[in-house]
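Just below is one structure, and these are the notes that go with it.
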Amino acid sequence: MSKRNLMLVVVLFALLVASNIAAAQVVTLRFTGWEASPLETASVQRGLERFMELNPNIKVDYTPVAGEYNPKILTMIAGGTAPDVFFIGSRSYRDFVARDVLLDLTPYFEAELELSDFIPSEQLKMLVDDKIYGVSSCTVVSQIYYNKDLFDQAGVPYPPADPAEAWTWDEFVEVAKKMTVVEDGKVVQYGVHGFDANLQNIVAMIFSNEGQMFSEDLTEATFDDPAVIEVLQSILDLRTVHGVASSARFLEQAGMSSAHMLATGRVAMVVDGTWALQELSQMDFEVGIGVLPIFKKPATTDIAHLHVASKATKHPEEAWKLLSFLSSEWYQTDLVSAGLWMPNRTAMYTEEGSKSWINPDVHPEGYEAILPFYTDAIQPYPFLFLPQKAEDLTNEILEYFWYDNWPIEKVVETLNKEINAVISK
Amino acid sequence: MKYFTRLKYSDSFWALLFLSPNLILFLMFTLVPVLASFGFSFTEWDLLRDPTWIGLGNFKEMFSDRIFRQVMGNTLYYSLVSVPLGVAFSLLLAILVNQKLRGVKFYRAIYFLPVISSTVAVAIVWQWIYNPEFGLLNYFLEFVGIKGPNWLGSTKWAMPAVIIASTWKGLGYNMLLFLAGLQGIPEMYYESAEIDGATRMRKFFHITLPLLSPTMFFVVVMSIIGSFQVFDLVFVMTEGGPGRATSVLVHYLYQSAFEYFQMGYASAIAWVLFFIVFGLTLIQLKWSKQWVQY
């Protein structure tokens, strides 16, 4: 080879090696989540762009999963292609920790974050035997949404946002009756919808009545607690005795989300999660938010997901950087001010802190009044600490109560028996 | 070409070569997983950790599992109703489109359309039809003075509702099979019967049905097998509810595998399903000697 050709080869080779070294320093993280709504995915992408700006040596590939999430994640982990960082549902978190597939984040967490910064319900959620395997993403609780126009037309006062002024259950039923409109024997407007649509809503009301579904140590199901029975019966009575609620399945099968039900005036009040505010605030009507009615005290419950890292990740340091970013106030604020999330840091609920994210385009007037509801009234959702089958069984057997006229005694007896069988395995 | 024949590759070599892509895929994605699942049915496996051998533990658990009994019952109910319904109606359709009418090919296509339609789209449309307050079905029932139930929200009516939707979706497929069978019956039998003065009914029961029996056998066997494996339309329409009124065997299998961390149990259910369907097919094969005429 001539001298000139040799030089050419050496230079090309050097370039190749150099580019490899440079490329090797850029770490690519695979990040997977579910898509709750296109708005959420857009928010996530915005956040990731910012993260990549701040960390030029890390590239994040986000793939939202449409459809069933857990089967996808399980298969990815089983097949050795687990993403580096991913969402995990609050109910699945402990199942995954127990099977040793999540990265232990405790040393990273203790070095950088302060557990007491998080609201108490999130602290309890993240800690498993004094270790942390996932970082809370946000908070998400059940509350009341209502159509202000309908209340104005009926001349009925709005549901209160301040937990100190919460309606009792009976007061709530009275209002629901006033807001139920019947024409020619058909109900054209229901007072309320949603208590029986979601187990979180039911559990929130049970907590409000200080009912105990389980023993303290969660080893025994105690659905026969009279306070629990009272709540279940009251919720059924909304539809069967007072006629103020439609059956949950019926409206949802018509393809209507709770947002549509409120917007079209089919329902005056809806019980749904805080996430619904993002969609509701963008619709063509005036939406209001209020606290849940109380039996004995204000209560609600939270099921927000966590962000975790796979134990098999080849880039734990970079994965932690992403996890820490995803729980940062900056990232939260974007999603919180859009109404999709609620903050999980106590500092963001103070008067000062809340100014940074309360958004007049999203949060209704007087929103600040409801803040104590999020800081003081949240109780941990018991099914976070139990196998998934327990929650499915509860949903199933309660449906026989809502739709199959099972007497309440049979319902609670069956619940206790079958859930105890699952717990004891 | 002369070059290849000189290499003395036999015909069977070429046959195997061209079959190999299909064979390899079959081995990799069907045969090996099926055999593996048989092995897994004797283990406890949560997909994330290694499987542990538990012998017949999964099968024992099935007998005392309330949910298993319930989904098995639901599946039998589904099968017992949907198979006769489907066979009868698809035969009827086949007879209708076997006539030499103008535009009959158009009708054949229309009746086949549900078969290739998206399951989710079909499920949504039927949900609207079944809606108790503004659905078409209850609307029409009101004209004849019946107040229709809350179809998909009632533990009593959800399964019949799902059976109707699901059977409707599959009619076109069996219709085509019956159509092929009908067209294989020589005209001369009908002609000679007419000469002897046979009525339409006699022609149907004494010529059509007997000569259709091989097709009938095939359709019945395939329908029974398919009815035990039903899942997607049912799941999308009702998610197995209310309660577990429309939860079928494959639904519970899916939940066990992917939601309850019990892949071993799910495999066991799959094999129980296999043996049931296999047994039913064997019975039908034996029985076919009595009524199928070739």
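Protein sequences appear in the order of chains A and B.
Using my numbering, the first residue of the first sequence is number 1239, and each one after it goes up by one.
Using my numbering, the first residue of the second sequence is number 151, and each one after it goes up by one.
Glycine residues also receive a C-beta, built at the ideal position from the N, C-alpha and C atoms.
No experiment lies behind these values; they were computed from the predicted model shown.
Original post:
In the DSSP assignment, what residue or residues form a beta bridge with A:Q1617?
Top reply: Against the first sequence, residue 1617 of chain A aligns to sequence position 379. For A:Q1617, which the question treats as bridged, DSSP gives the partners A:T1539.
Original post:
Who does A:N1385 pair with in a DSSP beta bridge?
Top reply: The residue you call residue 1385 of chain A lines up with position 147 of the first sequence. Looking at the DSSP assignment, A:N1385 forms a beta bridge with A:V1525.
Subject >> Closest residue to B:Y415 among B:G376, B:P201 and B:L181 (Cα-Cα distance) >> reply: As a working note, residue 415 of chain B is residue 265 in the second sequence. Comparing Cα-Cα distances from B:Y415 to each of B:G376, B:P201 and B:L181, the minimum goes to B:P201.
Original post:
Which of helix, strand or coil does DSSP assign to A:Y1428?
Top reply: By one-based count along the first sequence, residue 1428 of chain A stands at place 190. DSSP places A:Y1428 within a strand segment (E or B) once states are collapsed to three.
**OP:** State yes or no: is the beta carbon of A:R1332 nearer than 8 angstroms to at least one beta carbon in chain B?
**Re:** Residue numbering aside, residue 1332 of chain A sits at position 94 when the first sequence is read from its first letter. With 8 angstroms as the cut-off, A:R1332 does not count as an interface residue toward chain B.
**OP:** Can you give me, in chain order, the residues of the segment 409-428 of chain B that have a beta carbon less than 7 angstroms from any beta carbon in chain A?
**Re:** E409, Y410 and F411
Subject >> B:T269: contacting residues in chain A (beta-carbon distance under 9 angstroms) >> reply: Position 119 of the second sequence, counting from 1, holds the residue named residue 269 of chain B. Taking a Cβ-Cβ cut-off of 9 angstroms, B:T269 has no neighbours in chain A, whose nearest Cβ is about 13 angstroms from it.
Original post:
In the structure shown, what three-state DSSP assignment does A:H1553 receive?
Top reply: Residue mapping note: residue 1553 of chain A aligns to position 315 of the first sequence, counting from 1. The answer is coil: DSSP assigns A:H1553 none of H, G, I, E or B.
**OP:** Please compile the residues from chain A whose C-beta is within a distance smaller than 7 angstroms of the C-beta of B:D382.
**Re:** Counting from 1 along the second sequence, the entry for residue 382 of chain B is found at position 232. Chain A residues near B:D382: none, gap ~12 angstroms exceeds 7 angstroms.
Original post:
For chain B, is any of its Cβ atoms less than 8 angstroms away from the one on A:K1627?
Top reply: In the first sequence, residue 1627 of chain A corresponds to position 389, counting from 1. So yes, A:K1627 belongs to the interface.
Original post:
In terms of DSSP beta bridges, what is A:S1374 paired with?
Top reply: The count along the first sequence starts at 1 and reaches residue 1374 of chain A at position 136. Paired residue(s): A:L1544.
Original post:
Between which two residues does the beta strand (DSSP E) carrying A:E1421 extend?
Top reply: Here the question's residue 1421 of chain A lines up with position 183 in the first sequence. Run containing A:E1421: V1419 to E1421, per the beta strand (DSSP E) assignment.
Original post:
Smallest Cα separation from A:G1318: which of A:F1334, A:Y1331, A:V1339 and A:R1583?
Top reply: The residue given as residue 1318 of chain A occupies position 80 in the first sequence. The option with the nearest alpha carbon to A:G1318 is A:V1339.
Subject >> CB contact below 8 angstroms: B:S304 versus chain A >> reply: On the second sequence, position 154 is the one that residue 304 of chain B refers to. For B:S304, at least one C-beta of chain A is nearer than 8 angstroms to its own C-beta.
Original post:
According to DSSP, what are the bridge partners of A:D1642?
Top reply: Counting from 1 along the first sequence, the entry for residue 1642 of chain A is found at position 404. Note: A:D1642 sits in no beta bridge, so no partner.
**OP:** Sort A:F1563, A:E1589 and A:T1632 by Cα distance to A:L1292 and report the nearest one.
**Re:** Numbered from 1 along the first sequence, position 54 holds the residue referred to as residue 1292 of chain A. Answer by Cα proximity: A:F1563.
**OP:** If I'm right that A:N1436 touches A:F1533 with Cβ under 8 angstroms, what's the distance once you round it to whole angstroms?
**Re:** In the first sequence, residue 1436 of chain A corresponds to position 198, counting from 1. In the first sequence, residue 1533 of chain A corresponds to position 295, counting from 1. That belief does not hold up - the Cβ atoms of A:N1436 and A:F1533 are roughly 18 angstroms apart, past 8 angstroms.
Original post:
Could you give the uninterrupted runs of the alpha helix (DSSP H) lying entirely in the segment 1555-1615 of chain A, keeping only those of 4 residues or more?
Top reply: If we require 4 residues or more, the alpha helix (DSSP H) runs fully inside the segment 1555-1615 of chain A come out as 1567-1575, 1589-1593 and 1609-1614.
Subject >> Touching by the beta-carbon criterion (3+ pairs, under 8 angstroms), the segment 419-426 of chain B and the segment 204-221 of chain B >> reply: yes
Subject >> Segment contact flag, the segment 315-331 of chain B with the segment 272-288 of chain B, C-beta cutoff 8 angstroms, min 3 pairs >> reply: yes
**OP:** Determine the burial state of A:T1672: buried for a count of at least 16 other Cβ atoms within 10 Å of its Cβ, exposed for fewer.
**Re:** Look at the range of chain A in this structure, 1239 to 1663, and you will see that residue 1672 of chain A is not part of it.
**OP:** Count the CB pairs spanning the segment 1602-1612 of chain A and the segment 1627-1637 of chain A that are closer than 8 angstroms, and state whether there are at least three.
**Re:** no
**OP:** Can you check the segment 1457-1533 of chain A for any alpha helix (DSSP H) of at least 4 residues that lies completely inside it and give the ranges in chain order?
**Re:** 1464-1478, 1486-1491, 1496-1501 and 1514-1519
Original post:
Pick from A:S1359, A:G1423, A:P1302 and A:I1467: whose alpha carbon is nearest that of A:M1443?
Top reply: Taking the first residue of the first sequence as 1, we reach residue 1443 of chain A at position 205. That would be A:I1467, whose Cα lies nearest to the Cα of A:M1443.
**OP:** May I have the straight-line CA-CA distance separating A:S1592 from A:A1547, to the nearest angstrom?
**Re:** Position 354 of the first sequence, counted from the first residue, corresponds to residue 1592 of chain A. Position 309 of the first sequence, counted from the first residue, corresponds to residue 1547 of chain A. For A:S1592 and A:A1547, the distance between alpha carbons rounds to 30 angstroms.
**OP:** Using alpha carbons as the reference points, say which of B:V442, B:L198, B:L185 and B:Y257 lies closest to B:L361.
**Re:** Walking along the second sequence from the start, residue 361 of chain B turns up at place 211. Cα-wise, what sits closest to B:L361 is B:V442.
Subject >> Beta-carbon neighbours of A:S1485, restricted to chain B and to distances below 9 angstroms >> reply: If you number the first sequence from 1, residue 1485 of chain A lands on position 247. Here the neighbours are P282, N300 and G303.
**OP:** State the Cα-Cα distance for the pair A:M1290 and A:L1561, rounded to the nearest angstrom.
**Re:** Indexing the first sequence from 1 puts residue 1290 of chain A at position 52. Indexing the first sequence from 1 puts residue 1561 of chain A at position 323. The alpha-carbon atoms of A:M1290 and A:L1561 are separated by roughly 13 angstroms.
Subject >> Contacts of A:Y1638 in chain B (Cβ-Cβ under 8 angstroms) >> reply: Numbered from 1 along the first sequence, position 400 holds the residue referred to as residue 1638 of chain A. Result: T305, P392 and G393.
**OP:** Using the Cα positions of B:L287 and B:N281, report the straight-line distance between them to the nearest angstrom.
**Re:** Translated into the one-based positions of the second sequence, residue 287 of chain B becomes position 137. Translated into the one-based positions of the second sequence, residue 281 of chain B becomes position 131. Straight-line Cα distance between these residues: approximately 8 angstroms.
**OP:** Taking all protein chains shown into account, decide if B:V184 is buried (16 or more other Cβ within 10 angstroms of its Cβ) or exposed.
**Re:** Against the second sequence, residue 184 of chain B aligns to sequence position 34. Under this definition B:V184 is an exposed residue.
Original post:
Does DSSP put B:V294 in a helix, in a strand, or in coil?
Top reply: Within the second sequence, the letter at position 144 stands for residue 294 of chain B. Reduced to three states, the DSSP call for B:V294 is coil.
Original post:
In the segment 191-205 of chain B, which residues sit with their C-beta less than 9 angstroms from some C-beta in chain A, listed in chain order?
Top reply: Cβ contacts with chain A: D196, L197, L198 and R199.
**OP:** Entirely within the segment 1265-1314 of chain A and at least 3 residues each: give me those beta strand (DSSP E) ranges in chain order.
**Re:** 1265-1272 and 1296-1303
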